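In the numbering used here, the protein residues as written are 19 to 121.
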């Protein structure tokens with residue numbers, strides 16, 4: 019006797035949603051490990067629950083996988099953040115310089 023099908027939609031109850039996440043988390047981590055071993059694939063998996071807990075799996079160093087992803091797709095994952103932080107640094111340096119002049 020098989021299991022009944024469930025409708026794939028957001029679980030409204032926060033408690034039920036967290037219980038389902040906890041039960042399914044180990045299953046998806048196991049599947050990620052299996053596909054990595056069986057197919058010799060590089061696999062990275064990051065899950066962040068509603069409660070904020072982080073679960074992750076990476077078959078090889080994540081930094082290497084992200085570098086390869088950027089190279090293969092041409093997507094620069096951190097460029098926008100880098101530009102924003104550089105602009106913020108420049109702004110703070112200018113503000114600091116102005117404050118030093120005032121002293």
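Even for Gly, the Cβ is constructed at its ideal location relative to N, Cα and C.
Here the structure is a predicted model, which means the values were calculated and not measured.
Mind checking whether residue i and residue j have CB atoms under 8 Å apart?
| i | j | result |
| --- | --- | --- |
| residue 59 | residue 75 | no |
| residue 95 | residue 84 | yes |
| residue 35 | residue 68 | yes |
| residue 77 | residue 61 | yes |
| residue 73 | residue 47 | yes |
Does the ligand MG have a heavy atom nearer than 7 Å to the CB of residue i?
| i | result |
| --- | --- |
| residue 36 | Ligands in the displayed structure: none, and consequently the ligand MG is not present. |
What residue range does the alpha helix (DSSP H) around residue i cover?
| i | result |
| --- | --- |
| residue 81 | 80-91 |
| residue 47 | 32-57 |
| residue 69 | Counting along the chain, residue 69 falls outside any alpha helix (DSSP H), and DSSP gives it neither H nor E. |
| residue 103 | 97-120 |
Taking DSSP's pairing of strands, which residues face residue i in a bridge?
| i | result |
| --- | --- |
| residue 74 | 64 |
Going by Cα to Cα distance, which pick from the options is closest to residue i?
| i | options | result |
| --- | --- | --- |
| residue 24 | 32, 33, 38 | 38 |
| residue 66 | 110, 42, 107 | 42 |
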